[in-house]
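Colleague:
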Amino acid sequence: MNGTTRTVKVGNVLIGGGHPTIVQSMWKEAIGQIDTALTARVDALGRLGCGILRFAVPDMDAAERLGELAAVSSLPLVADIHFDWKIALRCLDFPIAKIRINPGNIGARWKVAELAGKASDKGVAIRIGVNGGSMPKDLEDRADRPAALVEAAEREVAAFDELGFTALIVSMKASDVDETIRANRLFASRHDIPLHLGVTEAGPAIPGIVRSTAALYTLLKEGIGDTIRVSLSDSEENETIAGSEIVALADGGRKNPSIISCPKCGRAGFDTHAFLSRWQGRIYALGKPVTIAVMGCVVNGPGEARHADLGIAGGGGKAIIFRKGAIPRTVPLEDADSEFGEELSRL
Ligand code: SF4
Numbered sequence: 128m129n130g131t132t133r134t135v136k137v138g139n140v141l142i143g144g145g146h147p148t149i150v151q152s153m154w155k156e157a158i159g160q161i162d163t164a165l166t167a168r169v170d171a172l173g174r175l176g177c178g179i180l181r182f183a184v185p186d187m188d189a190a191e192r193l194g195e196l197a198a199v200s201s202l203p204l205v206a207d208i209h210f211d212w213k214i215a216l217r218c219l220d221f222p223i224a225k226i227r228i229n230p231g232n233i234g235a236r237w238k239v240a241e242l243a244g245k246a247s248d249k250g251v252a253i254r255i256g257v258n259g260g261s262m263p264k265d266l267e268d269r270a271d272r273p274a275a276l277v278e279a280a281e282r283e284v285a286a287f288d289e290l291g292f293t294a295l296i297v298s299m300k301a302s303d304v305d306e307t308i309r310a311n312r313l314f315a316s317r318h319d320i321p322l323h324l325g326v327t328e329a330g331p332a333i334p335g336i337v338r339s340t341a342a343l344y345t346l347l348k349e350g351i352g353d354t355i356r357v358s359l360s361d362s363e364e365n366e367t368i369a370g371s372e373i374v375a376l377a378d379g380g381r382k383n384p385s386i387i388s389c390p391k392c393g394r395a396g397f398d399t400h401a402f403l404s405r406w407q408g409r410i411y412a413l414g415k416p417v418t419i420a421v422m423g424c425v426v427n428g429p430g431e432a433r434h435a436d437l438g439i440a441g442g443g444g445k446a447i448i449f450r451k452g453a454i455p456r457t458v459p460l461e462d463a464d465s466e467f468g469e470e471l472s473r474l
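In our numbering, the protein residues as written are 128 to 474.
(1) In the DSSP output, what is residue 227 paired with across the bridge?
(2) By the DSSP assignment, the alpha helix (DSSP H) with residue 370 in it spans what residues?
(3) What separation, rounded to the nearest whole angstrom, lies between the Cα atoms of residue 335 and residue 356?
(4) Residue 450: which of 458, 437, 297 sits nearest, CA to CA?
(5) According to the neighbour-count rule (16 or more other Cβ atoms, all chains shown, within 10 Å of its Cβ), is residue 289 buried or exposed?
(6) Is the beta carbon of residue 392 within less than 6 Å of some heavy atom of the ligand SF4?
(7) Report the option in 459, 455, 286 whose CA atom is closest to the CA atom of residue 444.
(8) Mind reading off the beta-carbon distance from residue 296 to residue 320? Whole number of angstroms is fine, and I expect it under 8 Å.
(9) Shorter than 6 Å, the distance from the beta carbon of residue 426 to the closest heavy atom of the ligand SF4, or not?
(10) Identify the continuous alpha helix (DSSP H) that holds residue 286 and give its terminal residues.
(11) Mind checking whether residue 282 and residue 275 have CB atoms under 7 Å apart?
(12) Under 6 Å: does the beta carbon of residue 422 sit that close to some heavy atom of the ligand SF4?
(13) Which residue comes first and which comes last in the alpha helix (DSSP H) that contains residue 346?
(14) Given a threshold of 16 other Cβ atoms within 10 Å of its Cβ, counted over all protein chains shown, does residue 177 qualify as buried or as exposed?
(15) Kindly examine the ligand SF4 and report whether one of its heavy atoms sits closer than 6 Å to the Cβ of residue 463.
(16) Answer with buried or exposed for residue 160, where buried requires no fewer than 16 other C-beta atoms within 10 angstroms of its C-beta.
(17) Starting from residue 151, trace the beta strand (DSSP E) both ways and give me its first and last residue.
(18) What residue does the alpha helix (DSSP H) around residue 463 start on, and which one ends it?
(19) Is residue 476 near the ligand SF4, with its Cβ less than 6 Å from a heavy atom?
(20) Name the residue from 328, 332, 349 whose alpha carbon lies nearest to the alpha carbon of residue 311.
(21) Look up residue 197 in the DSSP assignment and say whether it is helix, strand or coil.
(22) When the Cβ atoms of the region 299-311 are set against those of the region 157-174, are three or more pairs found closer than 8 Å?
(23) So what's residue 169 in DSSP terms, helix, strand or just coil?
(24) Is the beta carbon of residue 294 sitting closer than 7 Å to the one on residue 135?
(25) Could you tell me if residue 236 is buried or exposed, where buried requires 16 or more neighbouring beta carbons within 10 angstroms of its beta carbon?
(26) Could you tell me if residue 299 is buried or exposed, where buried requires 16 or more neighbouring beta carbons within 10 angstroms of its beta carbon?
(27) Look at the Cβ atom of residue 468, then the Cβ atom of residue 396, and state whether they are nearer than 7 Å.
(28) How is the beta strand (DSSP E) around residue 295 delimited, first residue to last?
(29) For residue 358, does the count of other Cβ atoms within 10 angstroms reach 16, so buried, or fall short, so exposed?
(30) Do residue 446 and residue 463 have their CB atoms nearer than 7 Å?
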């Protein structure tokens, strides 16, 4: 969260101006049929901590489907558009919360003016997204990559400034952590426009989360950044959980569950890995700041997790379930899931 940026409204969410940092994700597939399965998954992403959800809109059919979804979505939706301003104009006929588009991709100034005018009338924000992999030709070979990213963003911003359009959010993403940090620092030192942070093409889950955390945590701790996306070659759910963890670490004030779990060793009387693969999603879906401990054995289990709101540990061929302030209960291993589930539903 950054108290020095202007506030921009994205649907019912406020970005910048010291408002809480918002976690975003992006839908991985083409928008399909708008049915209850799709809306239920959007709702579930919201419970995991996703505050804004973006969709690629490559053609008019996709714009129509996104419009249909926006009318029933529990989350503010963003239309991600490249080149064709007519698609952006069509999206603005629907309750879309934000458009991601770069004026430099649209072409003629009158087209940019038409888009900015309609977005302004509808109260829709626009994100300018500059990406290290698709820089303007004259900036491609500049040695100072962060400065080049900032200049590319500033050119796009200037096109909207001329038109008096201020509901802007900017992102400058590189796949290099250091470039991402330096570009965002430089931009933040010059502008009050809210920043959407992210490391682009960050990779599969493990390296992607490591790289994103290094960049985003660093910037958020400096008070730079108003909304984040952890881009992973992985699910929207895992992007959201990773983003929520980074925000909880950097900003404090955790809003999502915290899972404490042991790495497991030869003393384990309980398969913590298998248990977590069954329960992680449901734990995060609680959507509140509880601490859950999953420990392999009683040697360190209950002791290490004594502050947990709910914990489970293996021992003597049984599972021990402990709740903060209550006497631990021992249950047969085969009943561990059902007993744990019952306790979880009481939290
Ligand atoms: S809690 Fe027990 S099983 Fe887990 S790592 Fe520690 S000693 Fe090993």
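The beta-carbon is built from N, C-alpha and C at its ideal position, and this holds for glycine as well. The structure displayed is predicted, hence computed values, not measured ones.
Modeller: This is what the structure gives:
(1) 207, 254
(2) 363-378
(3) 11 Å
(4) 437
(5) exposed
(6) yes
(7) 459
(8) 7 Å
(9) yes
(10) 272-288
(11) no
(12) yes
(13) 332-348
(14) buried
(15) no
(16) exposed
(17) 149-153
(18) 463-473
(19) Only positions 128 to 474 of the chain appear in the structure, and residue 476 is not among them; the question remains open.
(20) 349
(21) helix
(22) no
(23) helix
(24) yes
(25) exposed
(26) buried
(27) no
(28) 295-300
(29) buried
(30) yes
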